[in-house]
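Below: one structure, written as structure tokens.
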Amino acid sequence: MSLRILGGSARGRSLKVPDSARPSGARIRKSLFDLLAARAPDGTFIDLHGGSGAIGLEAASRGYTVTLIEQDTRAVKALETNARALELRVRIIRGESQKLLARLGSFDIVFSDPPYEANIPALTAQLLDSDIVAAGGLLICQHPDRLELPDHPGFVREVREYGSNSLTLYHRQAAADKVTDA
């Protein structure tokens, strides 16, 4: 299976997809990046479940500073091969994202599309309780449409439906700006 990068410096170029991956379709990717172009057109981006690289490499093609996390060895090799072939600079970390959270730092955009057998609500709560989403940043969770993710203190939640998939967006409220009189 192959799919194409939709925009940016690698637009139209193909990705090789490992058998273990379940890539996001073109419609949801286009909608996601149209939304990001309006809300967060640049910054740091982490794909917590790199898989095929359809999301993370698309982000790199569009100019984001990208980190990809993937635990499957074959998928990591495919990510490395695709990044080289597309001439995209990305940081690829092999491991389980939940175990790496404390060491990853904060990102402007955090994308989570775990394997559907994962406990997505529990993972989402763990992400929201961590410091991975920078102040003013965005957590985007892709999940089956039949699953509803809850509100969370300190975040504004929004849901977008795309056929059998949903994107739940959590916008982390920025810390209140301190105004001083001169």
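Just so you know, we're using the working numbering here: the sequence shown kicks off at 11 and counts up by one. Even glycine gets a Cβ: it sits at the ideal position worked out from N, Cα and C.
{"Check": "Near Gln81, which residues of its chain fall below 7 Å by C-beta distance, leaving aside the five closest residues on each side in sequence?", "Outcome": "Arg104, Gly105, Glu106"}
{"Check": "Does the segment 57 to 77 touch the segment 21 to 31, meaning 3 or more C-beta pairs lie closer than 8 Å?", "Outcome": "yes"}
{"Check": "Can you tell me which of the three DSSP states Ala144 falls into?", "Outcome": "strand"}
{"Check": "Based on the DSSP output, what are the partners of Arg14 in its beta bridges?", "Outcome": "Ser24"}
{"Check": "What residue does the alpha helix (DSSP H) around Glu90 start on, and which one ends it?", "Outcome": "83 to 96"}
{"Check": "If you draw a straight line from the alpha carbon of Ser19 to that of Leu67, how long is it in whole angstroms?", "Outcome": "11 Å"}
{"Check": "In whole angstroms, what is the alpha-carbon distance linking Leu98 and Ile65?", "Outcome": "13 Å"}
{"Check": "Taking the alpha-carbon positions, what's the Asp139 to Gln183 distance?", "Outcome": "13 Å"}
{"Check": "Please report the distance separating the alpha-carbon of Leu179 from that of Lys87.", "Outcome": "29 Å"}
{"Check": "Any idea if Asn92 is buried or exposed, counting beta-carbon neighbours within 10 angstroms, 16 or more meaning buried?", "Outcome": "buried"}
{"Check": "Measuring straight from C-alpha to C-alpha, what distance separates Asp141 and Ser41?", "Outcome": "26 Å"}
{"Check": "Give the straight-line distance between the Cα atoms of Glu171 and Leu133, rounded to the nearest whole angstrom.", "Outcome": "20 Å"}
{"Check": "Val189 to Ala48, Cα distance in whole Å?", "Outcome": "Only weak support exists for where Val189 lies, its pLDDT of 41 falling under 50; the value from the coordinates is given anyway. Going by the C-alpha atoms only, they are around 27 Å apart."}
{"Check": "Just tell me which of Ala31, Leu114, Ala85, Val166 has its CA closest to the CA of Phe55.", "Outcome": "Leu114"}
{"Check": "Which partner residues does Leu179 have in the DSSP bridge list?", "Outcome": "Ile150, Glu168"}
{"Check": "For Arg21 and Ser71, which I take to be in contact (beta-carbon distance under 8 Å), what is that distance rounded to the nearest angstrom?", "Outcome": "7 Å"}
{"Check": "Excluding the 5 residues preceding and the 5 following Gly73 in the sequence, name in chain order all residues of the same chain whose CB lies nearer than 7 Å to its CB.", "Outcome": "Gly18, Asp52"}
{"Check": "Hey, how far is the Cα of Pro125 from the Cα of Pro33?", "Outcome": "11 Å"}
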